[in-house]
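Q:
Numbering (mature numbering (1 follows the signal peptide of the UniProt record, and there is no 0)), first residue to last: -24 to -1, 1 to 516.
1. Which residue or residues does DSSP assign as beta-bridge partners of residue 484?
2. Taking the alpha carbon of residue 147 as the point to measure from, which residue in 380, 16, 390 has its own alpha carbon closest?
3. What does the Cβ neighbour count give for residue 481, buried or exposed, with the cut at 16 atoms within 10 Å?
4. In terms of DSSP beta bridges, what is residue 424 paired with?
5. Could you give the DSSP three-state label for residue 43: helix, strand or coil?
6. Since I believe residue 64 is in contact with residue 119 (beta carbons under 8 Å), could you give me their beta-carbon distance rounded to a whole number of angstroms?
7. Counting C-beta neighbours from all protein chains within 10 Å, is the total for residue 450 16 or more, i.e. buried, or is it exposed?
8. Within 10 angstroms of the Cβ of residue 298, are there 16 or more other Cβ atoms? Answer buried if so, exposed if not.
9. Pick out the complete beta strand (DSSP E) segments inside the segment 209 to 245, 3 residues or longer, and give them in chain order.
10. Go through the segment 251 to 331 residue by residue and report every complete run of the alpha helix (DSSP H) that reaches 4 residues or more, in order.
11. Around the Cβ of residue 258, are there at least 16 other Cβ atoms within 10 angstroms (buried) or fewer (exposed)?
12. Does the Cβ-Cβ distance between residue 454 and residue 343 come in under 8 Å?
13. Could you round the C-beta distance between residue 524 and residue 2 to whole angstroms and report it? I think they count as a contact, below 8 Å.
14. Going by the DSSP bridge assignment, what does residue 27 pair with across the sheet?
15. Going by beta carbon distance, what residues of the same chain come within less than 8 Å of residue 411, once the five residues before and after it are set aside?
16. In terms of residue numbering, what span does the beta strand (DSSP E) encompassing residue 90 cover?
17. By Cβ distance below 6 Å, which residues in the same chain neighbour residue 391 in space, the five residues on each side in sequence not counted?
18. Could you check the C-alpha separation between residue 227 and residue 203 for me, to the nearest Å?
19. Around the Cβ of residue 218, are there at least 16 other Cβ atoms within 10 angstroms (buried) or fewer (exposed)?
20. Considering just the uninterrupted stretch of the alpha helix (DSSP H) at residue 475, what are its terminal residues?
21. If we ignore side chains and look at the alpha-carbon of each, how far apart do residue 345 and residue 47 end up?
22. When DSSP labels each residue in this structure, what does residue 176 get in the three-state scheme?
23. Count the CB pairs spanning the segment 373 to 389 and the segment 412 to 428 that are closer than 8 Å, and state whether there are at least three.
24. In the DSSP assignment, the alpha helix (DSSP H) including residue 153 goes from what residue to what residue?
25. From residue 291 to residue 493, what distance separates their C-alpha atoms?
26. Fully enclosed by the segment 92 to 119, which beta strand (DSSP E) runs are 3 residues long or longer?
27. How long is the line joining the alpha carbons of residue 126 and residue 306, rounded to whole angstroms?
28. Could you tell me which of 116, 97, 191 sits nearest to residue 138, measuring between CA atoms?
29. For residue 214, which residues from the same chain have a beta carbon less than 7 Å from its beta carbon, with the 5 sequence-adjacent residues on both sides left out?
30. Relative to the C-alpha of residue 277, which candidate in 328, 246, 463, 286 has its C-alpha closest?
31. Who does residue 371 pair with in a DSSP beta bridge?
32. Determine the extent of the beta strand (DSSP E) in which residue 144 is found, giving its start and end residues.
33. Spatial neighbours of residue 363 within its chain, please: C-beta separation below 7 Å, excluding the five flanking residues on both sides.
34. So who's on the other strand from residue 171, going by DSSP bridges?
35. How long is the line joining the alpha carbons of residue 352 and residue 485, rounded to whole angstroms?
36. In the DSSP assignment, find the unbroken beta strand (DSSP E) run with residue 448 in it and report its ends.
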């Protein structure tokens, strides 16, 4: 055998080994989750909570890019139930989105198996119930997507990894809260804050080591500020985007948002307060945990580090948000630079301006988008669209610009075309902070501003290194602008991440559509699809 042939065989063997290693990482992960009620006392008094496999919060999903998830959900509650995967893009697969516009809820004493792939989205995410007000009782958990071994990340591997699910909490049962909303009243301010479902937690590390803190706001209504006594926070990732690694004393994290921070334990060996407090509330709520150095023999001492001082003017928070920048020299989950898609050079095909409001409709409090307060039908929109069932939703209710007319109830869908590139302006004329989330997509958050958005506001846009993310805050009497590349066909929920507002109508669906049904654009309807409403009797 000649040397050239040997060299050829050696190259072939190396190639096959590399391929097998890569394919081995495209793993299938199998889970069985049983959803039940339990009795716990998160804020000191007993109440009913939602458990997954007996856990509150639910089990953490630790996945790797390209993992295939097969998750069998068994519902043992007395009500239909769904989970949604907050920030997981579900490429071409809105069938697995887990919201009432795309899926029938899992009936009591029944099950449904989710099937999805994590794709190109290294970062910190969450899952939670999308039905009724179940999120107020639990059922949420952390979902972390790690990089494959062949994909570099723009920082050294940390020495440890902590997931902190921080959120406001109500002492009232979720059914009681739901009855309050159904009666046309607000559920008001929460009773406290929890970190990982507890009022007190401890996180232990070694002096001189660096740890990843994955922070998610899993609450229903309030923004939080996060800080660690005596330690700096290096921001490295926001909802799947590697960031310019700025260092902060504290960070605002709004409802539905997630960030990843590197923290080096470079202080004298003792315990330090980890602090979360509500932002922009008349009476701030605060909870603490402990960062424990493994060689510490001293408890956390001294005053708890305070939150930023701008209780109501929002200036500090908006300025901080503008410092979040995309790391253009880092790789994304795929081996290509994050900044290679020049979003700032593309002319939008459509401009949509959305204004939230809180109208009284039939004497009851509702929330609306461009005057339309969304109502979930018995038949998921996705099934109605697929089976051509008329009368379920309207593509003519929601206008591209706000109107001054009274609010009204409807099942609103905004029609768009696959590969549209759209500009969305969230205009907030209310006195409370808003948080908006889009399923199935990341979007570029290109600008924040005070007052009314105008065409001149575009001069302030960041068209170079804005972050892509799936949730964006809108400050009171202010606007936030985003750009979205509609490359993911399906029916996708655009909603308030503040659960009272979502429950009472501040949401709608984007129908990203192409006339030609093709696997290149969207996966087929699942064989195990649940049918409900007018879809019963139809066959996939």
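Note that CB positions come from ideal geometry on N, CA and C, so glycine has one too.
A: According to the structure shown:
1. Residue mapping note: residue 484 aligns to position 508 of the chain shown, counting from 1. Paired residues: 470.
2. Locating residue 147 in the chain shown gives position 171, counting from the first residue. Residue 16 is the option with its Cα nearest to residue 147.
3. Within the chain shown, numbered from 1, the residue matching residue 481 stands at position 505. Classification for residue 481: buried.
4. As a first step, residue 424 is located in the chain shown; it is residue number 448 there, counting from the start. Residue pairing by DSSP puts residue 424 in a beta bridge opposite 456.
5. Residue numbering aside, residue 43 sits at position 67 when the chain shown is read from its first letter. It is coil, neither helix nor strand.
6. The residue labelled residue 119 in the question sits at position 143 within the chain shown. The residue labelled residue 64 in the question sits at position 88 within the chain shown. The Cβ separation is near 7 Å, so the contact holds.
7. Stepping through the chain shown from its first residue, residue 450 is reached at position 474. Answer is buried; the Cβ neighbour count reaches 16.
8. Position 322 of the chain shown holds residue 298. It counts as exposed.
9. 209 to 214, 226 to 229, 234 to 240
10. Fully enclosed alpha helix (DSSP H) runs of 4 or longer: 291 to 298.
11. For the purposes of this step, residue 258 is taken as the residue at position 282 of the chain shown. So residue 258 ends up on the exposed side.
12. Along the chain shown, one-based indexing puts residue 454 at 478. Along the chain shown, one-based indexing puts residue 343 at 367. Cβ distance not < 8 Å, so residue 454 and residue 343 don't count as in contact.
13. Residue 524 lies beyond the stretch modelled for the chain, which goes from -24 to 516, so this question has no answer here.
14. As a first step, residue 27 is located in the chain shown; it is residue number 51 there, counting from the start. DSSP output for residue 27 lists 12 as bridge partner(s).
15. Residue mapping note: residue 411 aligns to position 435 of the chain shown, counting from 1. 199, 230, 231, 232, 233, 447, 448, 449, 450, 472, 473, 474.
16. On the chain shown, residue 90 is found 114 positions in, with the first residue counted as 1. Per DSSP, residue 90 belongs to the beta strand (DSSP E) from 86 to 93.
17. Working through the chain shown from its first residue, we reach residue 391 at position 415. Around residue 391: 371, 487.
18. As a working mapping, residue 227 is identified with position 251 in the chain shown. As a working mapping, residue 203 is identified with position 227 in the chain shown. Rounded to whole angstroms, residue 227 to residue 203 spans 7 Å at the Cα level.
19. As a working note, residue 218 is residue 242 in the chain shown. Residue 218 comes out buried.
20. As a working note, residue 475 is residue 499 in the chain shown. Counting along the chain, the alpha helix (DSSP H) containing residue 475 begins and ends at 475 to 479.
21. Residue 345 sits at position 369 when you count from the first residue of the chain shown. Residue 47 sits at position 71 when you count from the first residue of the chain shown. C-alpha separation (whole angstroms): 34 Å.
22. Working through the chain shown from its first residue, we reach residue 176 at position 200. In this structure, residue 176 counts as coil in the three-state DSSP scheme.
23. no
24. In the chain shown, residue 153 corresponds to position 177, counting from 1. 150 to 158 is the span of the alpha helix (DSSP H), which, as asked, contains residue 153.
25. For the purposes of this step, residue 291 is identified with residue 315 of the chain shown, where counting begins at 1. For the purposes of this step, residue 493 is identified with residue 517 of the chain shown, where counting begins at 1. For residue 291 and residue 493, the distance between alpha carbons rounds to 47 Å.
26. Listed in chain order, they are 99 to 105.
27. For the purposes of this step, residue 126 is identified with residue 150 of the chain shown, where counting begins at 1. For the purposes of this step, residue 306 is identified with residue 330 of the chain shown, where counting begins at 1. Between residue 126 and residue 306, the C-alpha separation is close to 14 Å.
28. Along the chain shown, read from residue 1 onward, the residue named residue 138 stands at position 162. For residue 138, the nearest C-alpha among the options comes from 191.
29. What you label residue 214 is simply residue 238 of the chain shown in a count that begins at 1. Excluding sequence neighbours, residue 214 sits near 235, 300, 443, 445.
30. Locating residue 277 in the chain shown gives position 301, counting from the first residue. Measuring from the Cα of residue 277, the nearest candidate turns out to be 246.
31. The residue given as residue 371 occupies position 395 in the chain shown. Paired residues: none, contrary to the question.
32. Here the question's residue 144 lines up with position 168 in the chain shown. It spans 136 to 145 - the beta strand (DSSP E) in which residue 144 sits, taken as one unbroken run.
33. Locating residue 363 in the chain shown gives position 387, where the first residue counts as 1. For residue 363, where only same-chain residues beyond five positions count, the Cβ hits under 7 Å are 511, 514.
34. Counted from its first residue, the chain shown places residue 171 at position 195. According to DSSP, which records beta bridges pairwise, residue 171 is partnered with 142, 174.
35. Counting from one through the chain shown, the residue named residue 352 turns up at place 376. Counting from one through the chain shown, the residue named residue 485 turns up at place 509. Cα to Cα, residue 352 sits roughly 11 Å from residue 485.
36. Translated into positions along the chain shown, residue 448 becomes position 472. Where residue 448 is concerned, the enclosing beta strand (DSSP E) stretches over 447 to 450.
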